[in-house]
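Participant: Residues -17 to 312 (our numbering) are what the sequence shown spells out, left to right.
We put the beta carbon where it would ideally sit given N, CA and C, even for glycine.
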Amino acid sequence: MARKKQNPFRAGFVAIVGRPNVGKSTLLNRVLGEHLAIVSPRPQTTRTRILGVHSGPDVQLALFDTPGLHRAKGALNKQMVEVALRTLAEVDAVLFLVEAGTGPDGRVEVGDATRWGIEEVARSGKPAVLGVSKMDRAPRPSLLPVIEAYRSLHAWAEIVPFSGLTGENVDVLLEALARHVPESDEPLFPPDVMTDQAERQLAAEYVREQVMLQTRQEIPYAAAVEVEEFDESGRRDPPPQPRSTGRWKSGDKRGGLVRIAASILVERESQKAIVIGKQGSMLKQIGTKARENLERLLGCKVFLALNVKVEERWSERDAALKRLGIWGER
Ligand SMILES: Nc1nc2c(ncn2[C@@H]2O[C@H](COP(=O)(O)OP(=O)(O)O)[C@@H](O)[C@H]2O)c(=O)[nH]1
Ligand SMILES: [Mg+2]
């Protein structure tokens, strides 16, 4: 009996880039089936690049979620855009995302920032797949003009409409990306590794996500979160080896209790008052929701103690950005 020729194994790094809010983080989470990257309706939710590893039978894609490409003002924003551009230079392939949907007159407007992003993709010289996101909210016939508008702007390797929210066509998108990463004898990461983010970092991000979702005006952009204590001595069944790599593996849901103490940094006393809320109500709400989400992620009980600190102009100071992990090795 003739046996089907096996596909060669492929493995590579892929940068997910695009304007803020196009659905980069939602896609990464959908691919991994875990809430790894935080998501909010606000732009600039993602501040660092986040590695998520997708391992299939004949492919491994190491996907970097990146901060959105935008006109950056201030040290924090400049650093975020820098991270996205640097990631472009380091990967095997690029997934550039734009949103489905047309204007009320049926026309497709390609903004200047998007054009600039596409130029950067071209400059990288990497094979680039165009992902047209949020297809769930665009009527089918409206997809074609969007695809047409972008087709002429770059020699895309492939164009795939998809929805990170419903998961529609995400498999097709992954297959398209797999065709543009190199053949490889071995995977880049052990197949059970999902990210290089330590649980401690994830805890900080989960708290920041609730600040983004529950506060208004300037607070989301003025806030950062620092975990001061992550005590897992109360966790059940410690793993056989210390996880010195800090890599978080899915399936690490071991029961028991983790105690976390974290500070929410803001830039002014007035902002501190808002984050604390009347008789602590806002801080309580942020803490409750973040704790529930963390319990789901870690698979154990979580004791989460939050406080709010003022650190003037942290977002303008390089040292603070480094300390908070926004600038540096990542
Ligand atoms: N309808 C719909 N909304 C989406 C989809 N993907 C993301 N969103 C929403 O768009 C907003 C920004 O998403 P996010 O993943 O944070 O975008 P990012 O800034 O590119 O990482 C959030 O409110 C998401 O819920 C999608 O496929 N369909
Ligand atoms: Mg994001």
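Taking C-beta to C-beta, are V240 and D213 nearer than 8 angstroms?
Facilitator: The count along the sequence shown starts at 1 and reaches residue 240 at position 258. The count along the sequence shown starts at 1 and reaches residue 213 at position 231. Cβ atoms of V240 and D213: closer than 8 angstroms.
Participant: Would you identify the three-state DSSP class for A302, choosing helix, strand or coil?
Facilitator: Here residue 302 is taken as the residue at index 320 of the sequence shown, counted from 1. Correct three-state label for A302: helix.
Participant: Nearer than 7 angstroms: is that true of the beta carbon of S106 relative to any heavy atom of ligand 2?
Facilitator: For the purposes of this step, residue 106 is taken as residue 124 along the sequence shown, with counting starting at 1. Every heavy atom of ligand 2 is 7 angstroms or more from the Cβ of S106, so no.
Participant: When the Cα of L340 is compared with those of R122, A82, Q26 and A71, which residue comes out closest?
Facilitator: Examination of residue 340 is not possible in this model, given that the chain is present from -17 through 312 alone.
Participant: Which complete alpha helix (DSSP H) runs does the segment 93 to 133 hold, if anything under 4 residues is left out?
Facilitator: The alpha helix (DSSP H) runs lying completely inside the segment 93 to 133 and spanning 4 residues or more are 94 to 106 and 125 to 133, given in chain order.
Participant: Less than 8 angstroms between the beta carbons of V114 and L125, yes or no?
Facilitator: Mapped onto the sequence shown, residue 114 falls at position 132. Mapped onto the sequence shown, residue 125 falls at position 143. Result yes, Cβ atoms of V114 and L125 sit closer than 8 angstroms.
Participant: Straight-line CA distance for V90 to V(-1)?
Facilitator: Counted from its first residue, the sequence shown places residue 90 at position 108. Counted from its first residue, the sequence shown places residue -1 at position 17. Taking the straight line from one Cα to the other gives about 20 angstroms.
Participant: Taking 7 angstroms as the cut-off, is the beta-carbon of A19 closer than that to any non-hydrogen atom of ligand 2?
Facilitator: One-based indexing of the sequence shown puts residue 19 at position 37. Because some heavy atom of ligand 2 lies under 7 angstroms away, the Cβ of A19 counts as near it: yes.
Participant: Quick one, which of D94, L18, A71 and A66 has its alpha-carbon nearest A180's?
Facilitator: On the sequence shown, residue 180 is found 198 positions in, with the first residue counted as 1. Of the candidates D94, L18, A71 and A66, the one whose C-alpha sits nearest the C-alpha of A180 is L18.
Participant: List the DSSP bridge partners of D47.
Facilitator: The residue labelled residue 47 in the question sits at position 65 within the sequence shown. BP columns for D47 point to I(-2) and I32.
Participant: Report back the beta-carbon spacing between V103 and V80 to the nearest angstrom; my notes put them in contact at under 8 angstroms.
Facilitator: As a working mapping, residue 103 is identified with position 121 in the sequence shown. As a working mapping, residue 80 is identified with position 98 in the sequence shown. About 11 angstroms; that fails the 8 angstroms criterion.
Participant: Drop a sphere of 10 angstroms on the beta-carbon of E187, count the other beta-carbons inside from all chains shown, and report buried for 16 or more, exposed for fewer.
Facilitator: Locating residue 187 in the sequence shown gives position 205, counting from the first residue. Taking all protein chains in view, the Cβ of E187 is crowded by 16 or more other Cβ atoms within 10 Å, so the residue is classified as buried.
Participant: Can you give the Cα-Cα distance for Q223 and Q183, rounded to whole angstroms?
Facilitator: As a working mapping, residue 223 is identified with position 241 in the sequence shown. As a working mapping, residue 183 is identified with position 201 in the sequence shown. For Q223, the pLDDT reaches just 47, beneath the cut-off of 50, and the residue's location in the model is therefore unreliable, although a value from the coordinates is still provided. The alpha-carbon atoms of Q223 and Q183 are separated by roughly 20 angstroms.
Participant: Are D118 and L147 close, meaning C-beta to C-beta below 8 angstroms?
Facilitator: By 1-based counting over the sequence shown, the position of residue 118 is 136. By 1-based counting over the sequence shown, the position of residue 147 is 165. Contact flag set, yes.
Participant: Any idea if Q261 is buried or exposed, counting beta-carbon neighbours within 10 angstroms, 16 or more meaning buried?
Facilitator: Along the sequence shown, one-based indexing puts residue 261 at 279. That one is exposed.
Participant: Just checking my contact of A82 with K116 at CB under 8 angstroms: how many whole Å lie between their CB atoms?
Facilitator: Sequence index remark: in the sequence shown, residue 82 carries index 100 (1-based). Sequence index remark: in the sequence shown, residue 116 carries index 134 (1-based). Their Cβ separation, rounded to whole angstroms, is 5 angstroms, which keeps A82 and K116 in contact under 8 angstroms.
Participant: Quick one: what's got a C-beta closer than 6 angstroms to R190's C-beta in the same chain, skipping five residues either side?
Facilitator: Residue 190 sits at position 208 when you count from the first residue of the sequence shown. The residues are V207.
Participant: Quick one: any contact between the segment 292 to 308 and the segment 259 to 276, if contact means 3 or more CB pairs under 8 angstroms?
Facilitator: no
Participant: Quick one: what does DSSP say P202 is sitting in, helix, strand or coil?
Facilitator: Position 220 of the sequence shown, counting from 1, holds the residue named residue 202. The answer is helix: DSSP assigns P202 an H, G or I state.
Participant: Please classify L135: does DSSP put it in a helix, a strand, or coil?
Facilitator: The residue labelled residue 135 in the question sits at position 153 within the sequence shown. L135 falls in the coil class under three-state DSSP.
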